[in-house]
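Asks: So the numbering used here is basically just the index in the sequence shown, starting at one, shifted up by 8.
Using N, Cα and C, we set each Cβ at its ideal position, and we do this for glycine too.
None of the values given here were measured: they were computed from a predicted structure.
A single structure is presented below for examination.
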Amino acid sequence: MLLFHSLQALAEPQDVRVGAYHFPPYVEHPERAGAAGLLPELLVLLNRQQADFRFHLVPTSATRRYQDMARGRVDLMFFESLRWGWQTQPVQTVDLLIEDAEVYVAKAMAGRDQRYFDDFTGKRMALYSGYHYGFAGFNADQEQLRQTFQAVLTYSHDSNLLMVQRGRVDLTVVARSYLALYLTRHPQLRQALLVSERADQYYQHQALLRAQAPISSTQLSQLLEQLRGTAEYAALLARYDLQAR
Numbered sequence: 009m010l011l012f013h014s015l016q017a018l019a020e021p022q023d024v025r026v027g028a029y030h031f032p033p034y035v036e037h038p039e040r041a042g043a044a045g046l047l048p049e050l051l052v053l054l055n056r057q058q059a060d061f062r063f064h065l066v067p068t069s070a071t072r073r074y075q076d077m078a079r080g081r082v083d084l085m086f087f088e089s090l091r092w093g094w095q096t097q098p099v100q101t102v103d104l105l106i107e108d109a110e111v112y113v114a115k116a117m118a119g120r121d122q123r124y125f126d127d128f129t130g131k132r133m134a135l136y137s138g139y140h141y142g143f144a145g146f147n148a149d150q151e152q153l154r155q156t157f158q159a160v161l162t163y164s165h166d167s168n169l170l171m172v173q174r175g176r177v178d179l180t181v182v183a184r185s186y187l188a189l190y191l192t193r194h195p196q197l198r199q200a201l202l203v204s205e206r207a208d209q210y211y212q213h214q215a216l217l218r219a220q221a222p223i224s225s226t227q228l229s230q231l232l233e234q235l236r237g238t239a240e241y242a243a244l245l246a247r248y249d250l251q252a253r
């Protein structure tokens, strides 16, 4: 009986708590039972391909995620970057090898072209609260963003794009992958919005693991490498207008 229980314990997968905050198209509303986005679908594939680890979402927020990692409430964050406020935390990194970028979006108007994005002086910006933007030196301090860039801070990319369309702000910044999906849902807006050719930042997406995580960076890298060779993974990236690099 003792041997049976020992073998059973060895067979139990280790829980890996994956922090998730609203970051479309990577994660949408992780606090809901039916959280959508690339990350929930990626975890389904990871759980399906092996039995050693069980990955599950733990809701957090853009501002609280650092504290949750430090306290061990979450073990792992996907689609992160060390530049986004993680420099002082003892985390392990895994390159996710996925391409994406953030672009500027303004209202299309007669005579307005790409030069509109050369200078932000006097322009009002709608930004997502807690995000780190390249034009601001990756400083997410809300008061500084308000004072320096006349920023309106929200928790909705759709609201930010709507404010641009209605002329309440001059610019917003969104992930290129998210904008592609947004314009697929709202094709009538393709001619109404001016999208920058230059990027605010190119994502160098990483997975970040806390030092005591139940899975190591090497183990996670191996699981992801196995997954990259599958048709399911390629189809997943294609659904979110993303490419592997």
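1) Quick check on the DSSP output: the beta strand (DSSP E) that includes residue 23 runs from which residue to which?
2) So residue 146 and residue 236 are supposed to be a Cβ contact under 8 Å. How far apart are they, rounded?
3) Do residue 182 and residue 171 have their C-beta atoms closer together than 8 Å?
4) What separation, rounded to the nearest whole angstrom, lies between the Cα atoms of residue 72 and residue 224?
5) Which partner residues does residue 106 have in the DSSP bridge list?
6) Is residue 11 buried or exposed, if buried means 16 or more other CB atoms sit within 10 Å of its CB?
7) Pull up the DSSP beta-bridge partners for residue 133, would you.
8) Going by alpha carbons, who is nearest to residue 89 out of 81, 216, 59, 203?
9) Measure the Cβ-Cβ separation of residue 178 and residue 133 and say whether it is below 8 Å.
10) Can you give me the start and stop residues for the beta strand (DSSP E) that residue 239 sits inside?
11) From which residue to which residue does the beta strand (DSSP E) around residue 88 run?
12) Have a look at residue 65 and residue 52 and give me their C-alpha separation to the nearest angstrom.
13) To the nearest angstrom, how far is the alpha carbon of residue 95 from that of residue 101?
14) Residue 60 to residue 219, Cα distance in whole Å?
15) For residue 97 and residue 78, what's the separation of their Cα atoms in angstroms?
16) For the segment 182-193 and the segment 103-120, state whether three or more C-beta atom pairs, one from each stretch, are separated by less than 8 Å.
17) How far does the alpha helix (DSSP H) with residue 186 in it extend, from its first residue to its last?
18) How would you write the range of the beta strand (DSSP E) that residue 210 sits in, first residue to last?
19) Below 8 Å on the Cβ atoms is my contact criterion, and I expect residue 201 with residue 115 to pass it. Report the Cβ-Cβ distance as a whole number of Å.
20) Return helix, strand or coil for residue 44, following the three-state DSSP convention.
21) To the nearest angstrom, how far is the alpha carbon of residue 141 from that of residue 63?
22) Using the C-alpha atoms, what's the distance from residue 234 back to residue 163?
23) For residue 114, does the three-state DSSP call read helix, strand or coil?
Replies: On the basis of the data shown:
1) Run containing residue 23: 22-28, per the beta strand (DSSP E) assignment.
2) With 8 Å as the limit, residue 146 and residue 236 do not qualify as a contact, their Cβ atoms being about 28 Å apart.
3) In this structure, residue 171 does not lie closer than 8 Å to residue 182 by Cβ.
4) The alpha-carbon atoms of residue 72 and residue 224 are separated by roughly 23 Å.
5) 252, per the DSSP bridge assignment.
6) Residue placement at residue 11 cannot be trusted, given a pLDDT of 49 that sits under 50; the coordinates are not used to answer.
7) Residue 133 pairs with 159, 179.
8) Cα-wise, what sits closest to residue 89 is 216.
9) The Cβ atoms of residue 178 and residue 133 lie closer than 8 Å to each other.
10) Per DSSP, residue 239 belongs to no beta strand (DSSP E); it is in the alpha helix (DSSP H), 239-247.
11) Where residue 88 is concerned, the enclosing beta strand (DSSP E) starts and stops at 84-88.
12) When rounded, the separation of the alpha-carbon atoms in residue 65 and residue 52 is 11 Å.
13) When rounded, the distance between both Cα atoms is 11 Å.
14) When rounded, the separation of the alpha-carbon atoms in residue 60 and residue 219 is 19 Å.
15) Between the alpha carbons of residue 97 and residue 78 lies a distance of about 8 Å.
16) Taking a cut-off of 8 Å on C-beta distances, the segment 182-193 touches the segment 103-120, as three or more cross pairs fall below it.
17) Bounds of the alpha helix (DSSP H) holding residue 186 are 184-193.
18) Where residue 210 is concerned, the enclosing beta strand (DSSP E) starts and stops at 201-210.
19) Rounded, the Cβ-Cβ distance is 7 Å, consistent with contact.
20) Residue 44: strand per DSSP, three-state reduction.
21) If you take the alpha carbons of residue 141 and residue 63, they lie about 29 Å apart.
22) Cα-Cα distance, rounded: 35 Å.
23) Residue state, collapsed to three classes: strand.
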